[in-house]
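Comments concern the structure below.
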Amino acid sequence: MKCASWLRLKITSRTAERIGLVSEVIHSIQFVKMFAWEKPFEKLIEFSRRKEVDIFTRASYLRGLSISFMAFPERVALLLTLASYVLLGNYDITADKVSNQTVPLYQTIWFF
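Residue numbers (the UniProt record's numbering): 1 to 112.
Given below as structure tokens:
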């Protein structure tokens, strides 16, 4: 979670930097137009936005990874339970046994 808060801080700082740059260009638009500086300022703002989007992308990957790991322990616990059930000598696993014995247990664990 420390990495996520660091990324949020970076996103905020990059966004503030870009907004400040755009605000500066808007306030001095007469000089920009007078000296034909549109392209250099456009490139500068585009570069700033690209840096901001890069941080957004990293934060999205981190968020997706953490969400995918939320479901992982539940499935591993079910797999280990069924594997230990078979390894202890109970070879006759049926859908009825699985649904009546393990599913309510894992639903209870999941809600805690």
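We put the CB at the ideal spot given by N, CA and C, even for glycine. Note that the structure is predicted; figures quoted are calculated from it, not measured.
Counted within 10 angstroms of its Cβ, other Cβ atoms place residue i as buried (16 or more) or exposed
i           : result
Ile55       : buried
Glu14       : For the sequence presented, residue 14 should be read as Arg rather than Glu. Burial call: buried.
residue 115 : A question about residue 115 goes unanswered here, because the residues of the chain that appear run from 1 up to 112.
Glu52       : buried
Cβ separation of residue i and residue j, assumed to be a contact under 8 Å, to the nearest whole Å
i     : j     : result
Ala71 : Arg8  : That pair is no contact at about 24 Å.
Val25 : Phe47 : Rounded, the Cβ-Cβ distance is 13 Å, inconsistent with contact.
Start-to-end residues for the alpha helix (DSSP H) that takes in residue i
i           : result
Ile67       : Glu38 to Leu87
residue 113 : A query on residue 113 cannot be resolved here, the shown segment of the chain reaching from 1 to 112 and no further.
Ser5        : Lys2 to His27
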